[in-house]
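Everything in the sequence shown is counted per my numbering, starting at 14 for the first residue and increasing by one.
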Amino acid sequence: MPFSTVMVLAGIGVLSLFCQWLAWRVRMPAILFLLAGGIAAGPMLGFLDPATVFGDLLFPVVSLAVAIILFEGSLTLRYDEIRGHGRMVRNLVPIGALVTCAIGTLAARWALAVPWEVALLFGAISIVTGPTVIAPLLRSVRPEAKLANILRWEGIIIDPVGALLAVLVFEGIVSWGQGNVFGHSLYIFGKTLLVGFAIGAGAGYLNGLVLRKHWIPQYLHNAGTLTFMLGVYGISNELAHESGLLTVTIMGLWMANMKQVPIDSILEFKESLSVLLISALFIILAARVEFAAIADLGWSLAIVLAALMLVARPLSIFLSAVGTELNLREKLFLSWVAPRGIVAAAVSALFAYQLQSLGYDSAGTLVPLVFMLIITTVTLQSLTARPLARLLKVAQPAEYGFLILGANKVARMIAQALKKHDVPVVLADTNWENVRQARMDNLQVYFGNPVSEHASTHLDLTGIGRLLVISPYKHMNSLATYHFLDWFGSQCVFSLAEGDQDQKARHQTAEKIQATRGLFGGVSYAKLASLASQGYTVKTTQLSEAFSYEDFLKEYQHQALILFVVSGKGHVTPVRKVEELSPEEGSVLISLVPPQAPKERRERDTPDRAPDGDGQTGAAPG
């Protein structure tokens, strides 16, 4: 039964949404389900034939989508962040890229007998991992923080760097083919590089200056940047054939490293765009994959995949780890985890089409080869990385840390108290002043919405398995509660009471959110903020035979608010029902206590009183 174009386009949107939802539910990279959905809709069911639906517009649309992907990826590449993540990451990007590109090129050339041009392009594309596939895998595997940071930052950095290398290789192939002599080909290649770097740097500086000087209104920042970038892409391609991808990559790099340029909102704009455009793009690309093309690769495909996974990756890791403190178990784990992602799929489809139009018929093997590399690495490594981490004893222990929504004064005091007990803590807030204060207190903090797409890549939740909602932002509180209820579980999300809202508002609140409320005995955020403004501070108190829980209550005349109980084994439990609280001897109480008058403080500071958890005399010093 033939379907109308409107029906097919609507079906692509619905299918992309379903694939994204399914990936979120099973906590696996979305690209795996998007590719599977595209294959099912295309060659299996015949519902989607991209060539029929889009006609001559197919690859111009793909080309623009790839430009958006590369631009967004390059916006995340800040030089100061690269410098701050150790020798291993700095080594892994150049060394790993060269080793993987070389082995991928040789494997494709010798096993598949493709021309050197196609083999070299495949080698360049195969180095890209990307944060969109690394982040979900790390959340499922939960390796040690050191290993998670290495893999996460490798993915962020290698994404635009790998795409840039692929663009340069492609430009070299195209320029070589357009010249009859070496000098002319070198001229065309140099022209492409010059146009790409010059226009990209100029456009990046101009766009960054416009944003920094507020020459356009705030509501046009996202749309204006996107349309300007696409315009620059088109102009660059007109000046030098296929130089646009290089141009937008340089443009994003320049903007990311300009000072005082507000690019966070632009990065967040990618969230909706990725669902509406990027997700649909990979369904469309996967629908063009033919089973016959994959079957034609035969056993040679397995040889290429094995060379990349079992030779190139381990060699890259062991060479990059020279001079670092990584042990053998850690190197072996890193040697196994390198799933390929979105950029590899998009760039391969675009360049395969371009090469075929230039007469390279063998470029048709590029798409099925790259897609099988993606499917194999994502599937195999997602299923085996967790057992391997346990076998090698590099898995993170139980996720007992806290993500605190809010970096206000109360949240910072609580985070500092938890940090003293070696509990992993991350604060998240959209208020820059709160974030700045948290950083000054040497607390790990994320600036932005913790449920955003940007957070899924950049918010490091290694060792974090519980959420404390200590924020005045009611809408964000609800969003975060919903999100992390599914992620952490119903017993690991805690939020404050809603305060003096009317009964109708309480009735309209979902039961799932209501069940999380009651943190710290049912106080509201307004109450906590009021106590902090009155001089209340967070203190720790060690209970003992000489100083019991009842003595603690009398000490502060029942005015102290107990926040957490730390058991003798070090387990930290947030307090909910204070009336049911009966901490054992040897426990530690983390409490919000009232300020003490000078006379009372002198009376408490007696030599016969056991020192408290802060190492000072008194049960809970002021």
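Even glycine gets a Cβ: it sits at the ideal position worked out from N, Cα and C.
Neighbourhood of residue 481 by C-beta, 6 Å cutoff - its chain only, sequence neighbours within 5 removed: Numbered from 1 along the sequence shown, position 468 holds the residue referred to as residue 481. Excluding sequence neighbours, residue 481 sits near 415, 417, 507.
With DSSP run on the structure shown, which of helix, strand or coil describes residue 623? Locating residue 623 in the sequence shown gives position 610, counting from the first residue. With a pLDDT of only 46 at residue 623, under the threshold of 50, the placement of this residue in the model should not be trusted; the figure read from the coordinates follows. When DSSP states are grouped into helix, strand and coil, residue 623 belongs to the coil group.
For residue 16, which residues in the same chain have their Cβ closer than 7 Å to its Cβ, ignoring the five residues on either side in sequence? Taking the first residue of the sequence shown as 1, we reach residue 16 at position 3. Hits under 7 Å: 60.
Out of 549, 500, 491, 600, which one is the CA nearest neighbour of residue 527? As a first step, residue 527 is located in the sequence shown; it is residue number 514 there, counting from the start. The option with the nearest alpha carbon to residue 527 is 491.
Within 9 Å, strictly: CB atoms of residue 337 and residue 162: In the sequence shown, the residue the question calls residue 337 occupies position 324. In the sequence shown, the residue the question calls residue 162 occupies position 149. No, the pair does not count as a contact, with Cβ atoms beyond the cut-off.
Residue 24 and residue 329 look like a contact to me (Cβ under 8 Å); what is the Cβ gap, rounded to whole Å? As a position in the sequence shown, residue 24 is number 11, starting the count at 1. As a position in the sequence shown, residue 329 is number 316, starting the count at 1. Between residue 24 and residue 329 a beta carbon distance of about 41 Å is seen, past the 8 Å cut, so the two are scored as non-contacting.
Shortest alpha-carbon distance to residue 243 belongs to which of 556, 440, 79, 458? Here the question's residue 243 lines up with position 230 in the sequence shown. Nearest option by C-alpha distance: 79.
Output needed for residue 320: all residues of its chain with C-beta closer than 6 Å, excluding positions within five of it in sequence on either side, in chain order. Residue mapping note: residue 320 aligns to position 307 of the sequence shown, counting from 1. The residues are 116, 120.
Which runs of the alpha helix (DSSP H), 4 residues or longer, sit entirely within the segment 204 to 291? Look at the segment 204 to 291 and you find these whole runs of alpha helix (DSSP H), each 4 residues long or longer: 234 to 252, 257 to 269, 277 to 286.
Cα-Cα separation between residue 605 and residue 86, rounded to whole angstroms: Locating residue 605 in the sequence shown gives position 592, counting from the first residue. Locating residue 86 in the sequence shown gives position 73, counting from the first residue. Residue 605 and residue 86 have their C-alpha atoms some 44 Å from each other.
Return the chain-ordered list of same chain residues with a C-beta closer than 7 Å to the C-beta of residue 339, the five sequence neighbours on each side being excluded. As a first step, residue 339 is located in the sequence shown; it is residue number 326 there, counting from the start. For residue 339, where only same-chain residues beyond five positions count, the Cβ hits under 7 Å are 101.
Run through DSSP, which three-state label would residue 520 get? In the sequence shown, counting from the first residue as 1, residue 520 sits at position 507. Because residue 520 sits at a pLDDT of 49, beneath the cut-off of 50, its placement in the model cannot be relied upon, and the following sentence gives the value as read from the coordinates. Helix.
Identify every run of the alpha helix (DSSP H) within the segment 284 to 354, keeping only runs that are complete inside it and at least 4 residues long; order them along the chain. Correct list: 292 to 300, 304 to 310, 312 to 319, 326 to 333, 341 to 349.
Just curious, the alpha helix (DSSP H) that residue 508 is in, first and last residue? As a working note, residue 508 is residue 495 in the sequence shown. Note, residue 508: premise wrong, no alpha helix (DSSP H); beta strand (DSSP E) at 506 to 508.
Paired residues, beta bridge with residue 480 - DSSP: Here residue 480 refers to the residue found at position 467 when the sequence shown is read from its first residue. DSSP output for residue 480 lists 416, 506 as bridge partner(s).
Counting along the chain, where does the beta strand (DSSP E) carrying residue 459 start and finish? By 1-based counting over the sequence shown, the position of residue 459 is 446. Under the DSSP assignment, residue 459 falls in the beta strand (DSSP E) whose first and last residues are 458 to 460.
So, with DSSP's three-state summary, where would you put residue 527? Along the sequence shown, read from residue 1 onward, the residue named residue 527 stands at position 514. Note: residue 527 maps to helix in three-state DSSP.
Three or more C-beta pairs under 8 Å: does that hold for the segment 596 to 604 against the segment 568 to 578? At 8 Å Cβ cutoff, the stretches touch.
Below 8 Å CB to CB, which residues in the same chain sit around residue 516 once its five sequence neighbours on both sides are set aside? Along the sequence shown, one-based indexing puts residue 516 at 503. Confidence is the limiting factor: at residue 516 the pLDDT is only 45, short of 50, which leaves the residue's position unreliable, though a coordinate-based value still follows. Around residue 516: no qualifying Cβ.
In three-state DSSP terms, what is residue 400? Within the sequence shown, numbered from 1, the residue matching residue 400 stands at position 387. DSSP places residue 400 in helix when its eight states are reduced to three.
When the Cα of residue 294 is compared with those of 581, 568, 32, 561, which residue comes out closest? Taking the sequence shown and counting its residues from 1, one reaches residue 294 at position 281. Relative to the Cα of residue 294, the nearest Cα in the group 581, 568, 32, 561 belongs to 32.
In this structure, does DSSP put residue 16 in helix, strand or coil? Indexing the sequence shown from 1 puts residue 16 at position 3. DSSP, read as helix, strand or coil, puts residue 16 in coil.
Buried or exposed for residue 230, going by 16 or more other Cβ atoms inside 10 Å? Stepping through the sequence shown from its first residue, residue 230 is reached at position 217. Residue 230 should be labelled exposed.
DSSP puts residue 433 in a beta bridge; with which residues? Here residue 433 refers to the residue found at position 420 of the sequence shown. Per DSSP, none; premise fails for residue 433.
Count the other CB atoms, across all protein chains shown, that sit within 10 Å of the CB of residue 65; report buried if there are 16 or more and exposed otherwise. Translated into positions along the sequence shown, residue 65 becomes position 52. Burial call: exposed.
For the beta strand (DSSP E) containing residue 587, list its first residue and its last residue. Walking along the sequence shown from the start, residue 587 turns up at place 574. Looking at the DSSP string, the run of the beta strand (DSSP E) that includes residue 587 is 585 to 587.
In or out: residue 220 buried (at least 16 other Cβ within 10 Å) or exposed? As a first step, residue 220 is located in the sequence shown; it is residue number 207 there, counting from the start. Buried, since its Cβ has 16 or more Cβ neighbours within 10 Å.
With a cut-off of 8 Å on the beta carbons, I'd call residue 187 and residue 371 a contact; round off their distance for me. The residue given as residue 187 occupies position 174 in the sequence shown. The residue given as residue 371 occupies position 358 in the sequence shown. Here residue 187 really is in contact with residue 371; their C-beta atoms are around 7 Å apart, less than 8 Å.
Closest to residue 493 by CA distance: which of 379, 74, 441, 168 is it? Within the sequence shown, the letter at position 480 stands for residue 493. Considering only 379, 74, 441, 168, the residue with the shortest C-alpha distance to residue 493 is 441.
Looking at the secondary structure, which residues open and close the beta strand (DSSP E) in which residue 450 lies? As a first step, residue 450 is located in the sequence shown; it is residue number 437 there, counting from the start. Where residue 450 is concerned, there is no enclosing beta strand (DSSP E), although the alpha helix (DSSP H) it sits in stretches over 445 to 453.
For residue 555: DSSP bridge partner residues: Counting from 1 along the sequence shown, the entry for residue 555 is found at position 542. BP columns for residue 555 point to 601.
With DSSP collapsed to three states, give me the class of residue 408. Indexing the sequence shown from 1 puts residue 408 at position 395. If DSSP states are grouped into helix, strand and coil, residue 408 belongs with the strands.
Using DSSP with H/G/I as helix, E/B as strand and the rest coil, what is residue 472? On the sequence shown, residue 472 is found 459 positions in, with the first residue counted as 1. Correct three-state label for residue 472: coil.
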